[in-house]
Each structure stands twice: as structure tokens, then as C-alpha cells.
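Trainee: Position 177 of the sequence shown, counted from 1, bears residue number 194 in the working numbering, the numbering being contiguous throughout. From the three backbone atoms N, C-alpha and C, an ideal C-beta is built for every residue, glycine too.
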Amino acid sequence: MATAVLIGGSAPFTKLLLDGTGPLALAALVSLGSGSGALLFSLAGTAAGNKRSHMEAPPGRSDIPWLIGVTLFGGLLAPVTLVYSLPGTPAATAALLLNFEAVATTVIAAAVFGEWVSRRAWVALGCITASCLLLTGHPAAGLGLSLPALGILLTCLFWAVDNNLGQRLSAKDPLLVISIKGIGAGTVTLLAALAAGEGLPGPATAVAAMVVGFLCYGGLTSILFLLALRGIGAARAGSLLAISPFFGVLFSLLLFAELPAGAFYVALPVMALGAWLMVSEEHSHPHRHPATIHEHRHRHDDQHHDHDHEAGDPPLSAAGEHSHVHAHAELAHEHPHQPDIHHRHLHRR
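1) Do you know offhand how far T38's Cα is from T206's?
2) If you draw a straight line from the alpha carbon of T88 to that of A61, how long is it in whole angstroms?
3) Suppose only complete runs of 4+ residues qualify. What are the alpha helix (DSSP H) ranges in the stretch 123-194, listed by chain order?
4) Nearest-angstrom Cα distance between W385 and S48?
5) Tell me which same chain residues have a C-beta within less than 7 Å of the C-beta of L34, skipping the five on either side of it?
6) Please classify A64 as buried or exposed, where buried requires at least 16 other C-beta atoms within 10 Å of its C-beta.
7) Closest to L237 by CA distance: which of S51, V266, G26 and G25 is it?
8) Just to confirm my understanding: we take R365, look at its own chain, exclude 5 residues before and 5 after, and list those with CB closer than 7 Å. What are they?
9) With DSSP as the reference, label H360 as helix, strand or coil.
10) Take the Cβ of P104 as the centre, count every other Cβ of all protein chains shown within 10 Å, and call the residue buried at 16 or more, exposed below.
11) Could you work out which residue in A308, P303 and K32 is closest to P165 when comparing CA atoms only?
12) Taking L115 and G265 to be in contact with their CB atoms under 8 Å, please state how far apart those CB atoms are, rounded to whole angstroms.
13) Quick check on the DSSP output: what are the complete alpha helix (DSSP H) runs of length 4 or more inside the stretch 195-229, in order along the chain?
14) If you reduce the DSSP assignment to three classes, tell me which class T20 lands in.
15) On the three-state DSSP scale, how would you describe L348?
16) Count the other CB atoms within 10 Å of the CB of L271; is the residue buried (16 or more) or exposed (fewer)?
17) G67: buried (16+ other C-beta within 10 angstroms of its C-beta) or exposed?
18) Over the uninterrupted alpha helix (DSSP H) stretch that includes P9, give me the two end residues.
19) For V283, collect the residues of the same chain with a Cβ closer than 7 Å to its Cβ; drop the 5 residues on either side in sequence, then sort them by chain order.
20) May I have the straight-line CA-CA distance separating E347 from P303, to the nearest angstrom?
21) Mind the definition here: the stretch 139-147 touches the stretch 90-103 only if three or more C-beta pairs lie below 8 Å; say whether that holds.
22) Do A177 and I125 come within 7 Å of each other at the CB atom, strictly closer than that value?
In C-alpha cells form, the structure reads like this:
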């Protein structure tokens, strides 16, 4: 839920900062704010005596392709596409259009990675897609479609790829993943901005952009989202993000005097129906866990982590969590679940 509120602020606050700031420079600053904020957060924890190696599994060599993917799609392509699309779209309309991320995330999770999506969820995705089509229409434009609105839908597609690639990193240290992603993408975008002749904004605007980046784009938002991916899977996490645009609409109406076009008021209840169908879904059936060995942050009050500990395993934190290599025996049971790192099993259609 916290992720949804923060992401809801991304479009209106970015549109506000575009006044007097070059688009590439702004995209660079929000990415750098995301990555550097996560890095500072991690360093502050280390200085306070928190050993992250005891709490989180670091990315390994096999994770490098996933790191490159999330940096490219989530840190570079999505923010750049968004900042070029926002000036031509009312903030409230842009906020609603960003809900297409939930559709694209779920479709990719199902089609490419085999995550289960129920009939109810498909109906919800249909409602959200219909709402986005209403918002994209522009009779006076070529082909009757708004190019800036299509740009926002493309942004959603890039973030959807990022979300699904990010699930492959969800068992790894989220602060380290976000630091690499944000600083890497921000540096490349900043070099592109300077090469294009864009100057950097004043210190106050630059700091504001980096704070927005940390709160709404990556940093804190991505940390919370990666933790959600770890716990509930990309499809379910994407469905929970379906409520974020409504917070974005609220922020937009408070920050801007502009009112959206008439189609917005038709699209809003259709999208609200789709969002409700997605977030209210539950999933339970008998399922089997194969025996496996892996490493990730975990606790021992769930139904999956009853293993013994060796002398060298790290101690539990105050929250009852730690990270180490551990084994799971084969297990069959039934309980409500989502496609998290322990529930990526196949379903009968």
C-alpha cells in the first residue's frame, strides 16, 4: 500500500518539476536520487551496526543479466519516456494511464514467466485496459490517438518488464539492487543530457528532483516493491499497484488547476472497478513444494522455514529475520498464497 501511495505521486510531481528543467536532466536526477538514496540508506544502516550480509543475500554473477535488464528498462527507458510524454497530458489523466503498468506486468508475468492469473484478474485487466483506451483517444490527433498518452502507455510497458525482471532479483538485497539500478541508469541519462546541451537546474530543483526520485520512482518505492515481489509475486504485486493511480489523481487535482477532459470521468469508474477486482482476489488450493536449496531473507514463523541452523549461521534480527543458505524438504499442503519465491508452481487450466 505504501508503494502505491508513493508511486501515485510520480506523475504529478514530475510534471511539476518539468517547468524549467530539461527532460533528460530531470530523468537523470530522479534516477540518481533513487540509487544514491538507497545507497545512503544502506550505509547508514551499516554505520549503525546492522550487518546486511546477515540479513540479505547479495546479487551473484548469475544475477548480472537481470541487473542489466532492470537498469535498462526501469531506470533508463521508463523515466526518459515518461518525462517526454507528461507535458502533453493532463496530470490526472497521466496518473490514471499509469495503471496500465498493472496490466502489462500481469500479462508478461503470465505469458513469459508462467505465473497464474485467474479469470477474475483477466476481467479486471480488461476494465483497466478499456479505461486506458478511453483516455488515449484524441479525435483531433492523427489516427484519433494522443501521442503523449501512448508514450505513457509505453512507459508502463517498460516498467512492466522491469517488474518481472525484478522478481528474479527479489530474493536479493533490495538496497544494493536499487543502488546499482539508479546510479547506473542516472549516470547514463545525465551524460546524454549533457551531450544534448541540457543544463542542470538550480540546487533547490535538483535536490527536489532527487527526493522525488528516491520517494516515488526508485529508492524507497522500489525497496518496498521488491519486498512485495519477494512476498507475493509479480502478478499480485502488480495488481496491488492498480490502486496507485487514484492517489496520483488526488495529488494532481491538488497541485494543478487543470481539469481533465470528459472521457476521464467515464474512464475513472471503469478503472476503479478493475482495481477493486484485482486487489480483492484470493488464491488457495493444494500444492506441492519440491525439495530445494537457496538463499534469501526469511523468518521462521511461516509454513516453509522449519530448518535447523549451523553454528556459523547469522543470528536472527530483532524482527526475527536473517539470510543464509538453507534447504527445503519436499512438502505438500494447502493455504492461501501468491506466486512468491516459494509458490511459482504450475496450475491446471
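Mentor: Put simply:
1) Walking along the sequence shown from the start, residue 38 turns up at place 21. Walking along the sequence shown from the start, residue 206 turns up at place 189. Cα to Cα, T38 sits roughly 14 Å from T206.
2) Translated into the one-based positions of the sequence shown, residue 88 becomes position 71. Translated into the one-based positions of the sequence shown, residue 61 becomes position 44. Going from the Cα of T88 to the Cα of A61 covers about 24 Å.
3) Counting only runs of at least 4 residues, the stretch 123-194 fully encloses the following alpha helix (DSSP H) elements, listed from N- to C-terminal order: 136-153 and 164-184.
4) The displayed coordinates of the chain run from 18 to 366. Any statement about residue 385 would go beyond what the structure contains.
5) Taking the first residue of the sequence shown as 1, we reach residue 34 at position 17. Closer than 7 Å at the Cβ level, and outside the excluded window around L34, lie L43, T222, A225, A226 and V229.
6) Residue 64 sits at position 47 when you count from the first residue of the sequence shown. Exposed.
7) For this step, residue 237 is matched to residue 220 along the sequence shown. Looking at the Cα atoms, S51 is the closest of the given residues.
8) Mapped onto the sequence shown, residue 365 falls at position 348. Only weak support exists for where R365 lies, its pLDDT of 49 falling under 50; the coordinates are left without a value.
9) Position 343 of the sequence shown holds residue 360. Confidence at H360 is low in this model, with a pLDDT of 45, below 50, so the placement of that residue is unreliable and no value is reported for it.
10) Position 87 of the sequence shown holds residue 104. P104 is exposed by the Cβ-count criterion.
11) The count along the sequence shown starts at 1 and reaches residue 165 at position 148. Out of A308, P303 and K32, K32 has the C-alpha closest to the C-alpha of P165.
12) As a working mapping, residue 115 is identified with position 98 in the sequence shown. As a working mapping, residue 265 is identified with position 248 in the sequence shown. Cβ atoms of L115 and G265 come within 8 Å of each other, at about 7 Å.
13) Segments of the alpha helix (DSSP H) lying fully in the stretch 195-229: 220-229.
14) As a position in the sequence shown, residue 20 is number 3, starting the count at 1. Under the three-state reduction of DSSP, T20 is assigned to helix.
15) The residue labelled residue 348 in the question sits at position 331 within the sequence shown. Three-state DSSP puts L348 in a strand.
16) By 1-based counting over the sequence shown, the position of residue 271 is 254. Per the 10 Å Cβ criterion, exposed.
17) Counting from 1 along the sequence shown, the entry for residue 67 is found at position 50. Note that residue 67 is Asn in the sequence shown, not Gly. Under this definition N67 is an exposed residue.
18) The structure shown does not extend to residue 9, since the chain is modelled only from 18 through 366, so no value can be given for it.
19) Along the sequence shown, read from residue 1 onward, the residue named residue 283 stands at position 266. Taken in chain order, the residues that qualify are L151.
20) Here residue 347 is taken as the residue at index 330 of the sequence shown, counted from 1. Here residue 303 is taken as the residue at index 286 of the sequence shown, counted from 1. Take the alpha-carbon of E347 and the one of P303: they are about 14 Å apart.
21) Because the criterion of three Cβ pairs below 8 Å is not met, the stretch 139-147 and the stretch 90-103 do not touch.
22) Stepping through the sequence shown from its first residue, residue 125 is reached at position 108. Stepping through the sequence shown from its first residue, residue 177 is reached at position 160. Their beta carbons are under 7 Å apart, which means I125 touches A177 by this criterion.
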